[in-house]
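To start, the structure under review is shown below, and the notes come after it.
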Amino acid sequence: MQSKTLFIGASLLAAAGCATVATGPQAIDWTKVPATRVAMFYPGQSSYQWLRSAGHKGAAKETQRGDACTSCHDDSEEEQTQGGKIISGKHPLEPQAAAVKGKAGHIEVKVQAAYDAKNAYLRFEWKTAQKHPGNDYPGYRFDGKEWKPYGHMRLTPNVLAGKTPAIYENRMSIMLDDGKVPGFANQGCWQTCHDSERDMPKAPTKDEVAANPLLGGVLKKSDVRKYLPASRNDANDWRSGKSVEEIARLKADGQFLELMQWRAHRTDKIGAADDGYVLEYRNFDQGVNPFTSNLDGKTKQPKFMFDAAKFGSKAMVAGDYGKKEMVLVKGMNAVPFDPNAGWKEGDILPQYVLSAEDSKGSAADNKAIGSWKDGVQTVVFIRPLGLANADDKALKAGGVYHVGFAVHDDNMTGRGHYVSYVRTLGLGAKADIQAVKLD
Ligand code: HEC
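Residue numbers (this note's numbering): 345 to 783.
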């Protein structure tokens, strides 16, 4: 908690946990801000392609035509039953049903919004699956000789085979558009979810991605992630990326989605949320993220270790997961890695190191305050109004936006989340979620 006071100011500290909080000069009393209940469901592999196939019974044509998902799926009740069907173990949209056995098909999230002259404030509250804050993250484990990745999300083959434990951070994500992305208003986040992405059907090999002119050649990526149909010559083929010039033109026209993510491990401790956008890939904004890799590419050793005086030891061990907060933060509990510190087999160090001071540029626009208590997580995103960066969607008073939400919990990442159908967010304007003007 101390770190948050440092970087954001004590005034906002209580934003997530308590009902009343001062934001700069004024107070947000969240009990007075209307709440919208949004059911979010487990979507399995319901990709852009599946939705336009015969598998989507009797709805392929309508979906291709661009009809709203909610023209058939009732926005409130359906969301609650659809995930249950997919997670049941009997649905073709979840081939890894064993990995999600017992998981809830949907969750309910309470959403509230407010704004003042400077910022928009978006508050989310939901019950977590775990009995702890869900801020664990895979580490690097010393095996006596080398530091090797330890832990991964629940759907990973190595986790399913029992070779490494299920470990991942909880997350709250927002995708937002200002009317410029075709199809988003009606079909929301599903515009970005395609076969061939990580953990989706037909995922290509690393070599295939490396050989692709756009993904391997220009972007230097090794996998396929969220993309918008307009970034491809054929929306159904990840390989058919448009030229760098064409993609730059789409971006200049505002044909990209804002993506903001609060992460229980990688941003929470320093009061941040990361700032990214989706166009030809799931990109981060220009600048430096709140978190950076803790692996030295040359030595293949960690860059930072815990300060034993502050953390209690210089590293953690497997048994600490779920029990202890193991977030490595520069200027707080991190010191440069000492290769001669007498490392023992089983020592684990985090894969990322956080720094509020180092994060900068457009990537550092968003702040967020999270709080977990008795199984309830609250997060308040703080998004400055009127951002003018090329990779941001500017929010302004009077504006109405389309938003889609996702929650990752229970050691999940990638597609293993709960998602919402699209909603409207209005800043002092009529919408599903109406942000209240603070005075
Ligand atoms: C024309 C009506 C229609 C539209 C538009 C439509 N769907 Fe469906 N959807 C259906 C029907 C019918 C089913 C099959 C239900 C069943 O098999 O019991 C279905 C099934 C699904 C399923 C599988 C789980 C389930 O409920 O059976 C998902 C996921 C889904 N739709 C998501 C979407 C999304 C996302 C969109 C928008 C991009 C969308 N649908 C648009 C009618 C529609």
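Just so it is clear, CB atoms sit at the ideal spot from N, CA and C, and this is done for glycine as well.
Cβ-based burial, residue i [other Cβ within 10 Å; buried from 16]
{"i": "N577", "result": "exposed"}
{"i": "A708", "result": "buried"}
{"i": "D581", "result": "exposed"}
{"i": "N710", "result": "buried"}
{"i": "P501", "result": "exposed"}
{"i": "T536", "result": "buried"}
{"i": "D783", "result": "exposed"}
{"i": "K851", "result": "For the chain, the structure presents residues 345 to 783; residue 851 sits outside this window and is missing."}
{"i": "N684", "result": "exposed"}
{"i": "K570", "result": "buried"}
{"i": "D618", "result": "buried"}
{"i": "E689", "result": "exposed"}
{"i": "T551", "result": "First, the residue type needs correcting, since residue 551 is Asp and not Thr in the sequence shown. When all chains shown are included, D551 counts as exposed."}
{"i": "S391", "result": "buried"}
{"i": "R759", "result": "buried"}
{"i": "T343", "result": "Any property of residue 343 remains undetermined from this structure, which presents the chain solely from 345 to 783."}
{"i": "G789", "result": "Outside the shown range of the chain, which is 345 to 783, sits residue 789, and nothing can be said about it."}
{"i": "E701", "result": "exposed"}
{"i": "L356", "result": "Its pLDDT being 44, under 50, L356 is placed unreliably in this model, and the coordinates cannot settle the point."}
{"i": "V365", "result": "In this prediction, V365 has a pLDDT of 44, which is less than 50 and means its spatial position is unreliable; what the coordinates show is noted afterwards. With 16 or more other Cβ atoms within 10 Å, it is buried."}
{"i": "R515", "result": "buried"}
{"i": "D718", "result": "exposed"}
{"i": "D597", "result": "exposed"}
{"i": "Q778", "result": "buried"}
{"i": "P436", "result": "exposed"}
{"i": "S715", "result": "buried"}
Check: residue i C-beta below 7 Å from any heavy atom of the ligand HEC
{"i": "T380", "result": "no"}
{"i": "L572", "result": "no"}
{"i": "I430", "result": "yes"}
{"i": "K401", "result": "yes"}
{"i": "H417", "result": "yes"}
{"i": "Q599", "result": "no"}
{"i": "P526", "result": "no"}
{"i": "D789", "result": "Shown here, the chain extends from 345 to 783; a query on residue 789 therefore has no answer."}
{"i": "W534", "result": "yes"}
{"i": "L437", "result": "yes"}
{"i": "E490", "result": "no"}
{"i": "Q426", "result": "yes"}
{"i": "L466", "result": "no"}
{"i": "E406", "result": "yes"}
{"i": "D735", "result": "no"}
{"i": "D411", "result": "yes"}
{"i": "L395", "result": "yes"}
{"i": "Q531", "result": "yes"}
{"i": "S390", "result": "yes"}
{"i": "P501", "result": "no"}
{"i": "P387", "result": "yes"}
Distance between beta carbons of residue j and residue i, contact taken as under 8 Å
{"i": "I511", "j": "P548", "result": "At roughly 26 Å, the Cβ-Cβ gap does not stay under 8 Å, so I511 and P548 are not in contact."}
{"i": "F749", "j": "S517", "result": "7 Å"}
{"i": "P694", "j": "M676", "result": "Not quite, the Cβ-Cβ distance comes to about 13 Å (not below 8 Å), so this is no contact."}
{"i": "P526", "j": "V763", "result": "In fact, because the Cβ distance is near 20 Å, the residues do not count as touching under 8 Å."}
{"i": "V455", "j": "V377", "result": "Rounded, the Cβ-Cβ distance is 10 Å, inconsistent with contact."}
{"i": "Q605", "j": "A412", "result": "At roughly 25 Å, the Cβ-Cβ gap does not stay under 8 Å, so Q605 and A412 are not in contact."}
{"i": "A678", "j": "F650", "result": "7 Å"}
{"i": "D462", "j": "L731", "result": "Here residue 462 is Lys; the residue named in the question, Asp, does not match the sequence. Wrong, their Cβ atoms sit about 11 Å apart, outside the cutoff."}
{"i": "D866", "j": "K447", "result": "As displayed, the chain neither begins before 345 nor continues past 783, which places residue 866 out of reach and without an answer."}
{"i": "V453", "j": "W470", "result": "4 Å"}
Cβ-based neighbour list, residue i, same chain, cut-off 6 Å, excluding 5 preceding and 5 following
{"i": "V673", "result": "K613 and L698"}
{"i": "N733", "result": "S706"}
{"i": "G353", "result": "Any answer about G353 is weak, because its pLDDT of 37 lies below 50 and its placement is not dependable; what the coordinates show is given next. Cβ neighbours of G353 beyond the five flanking positions: none."}
{"i": "L559", "result": "V553 and K565"}
{"i": "Y696", "result": "R610, F635 and N638"}
Residues that DSSP places opposite residue i in a beta bridge
{"i": "W491", "result": "F486"}
{"i": "E602", "result": "L520 and Y621"}
{"i": "R467", "result": "Q456 and V724"}
{"i": "S703", "result": "Answer by DSSP bridge pairing: none, since S703 is not bridged."}
{"i": "V673", "result": "L698"}
{"i": "V679", "result": "M649"}
{"i": "K717", "result": "V720"}
Own chain partners of residue i with C-beta closer than 8 Å, once the 5 adjacent residues on each side are dropped
{"i": "K644", "result": "E490 and W491"}
{"i": "K654", "result": "M676 and N677"}
{"i": "Q370", "result": "Residue placement at Q370 cannot be trusted, given a pLDDT of 49 that sits under 50; what the coordinates show is reported in the next sentence. Cβ neighbours of Q370 beyond the five flanking positions: D460, L782 and D783."}
{"i": "K774", "result": "V744"}
8 Å Cβ cutoff, residue i in contact with chain D
{"i": "L603", "result": "The displayed structure is made up of one protein chain only, and chain D is not part of it."}
7 Å CB neighbourhood of residue i in its chain, flanking five on each side removed
{"i": "L395", "result": "T407 and W534"}
{"i": "K704", "result": "G631 and V632"}
{"i": "D776", "result": "T380, R767 and T768"}
{"i": "P545", "result": "Q389 and D539"}
{"i": "T508", "result": "Y494, G495, H496 and N502"}
{"i": "K326", "result": "Nothing can be reported for residue 326, as the shown portion of the chain is limited to 345 through 783."}
{"i": "Q393", "result": "H538, D539 and N580"}
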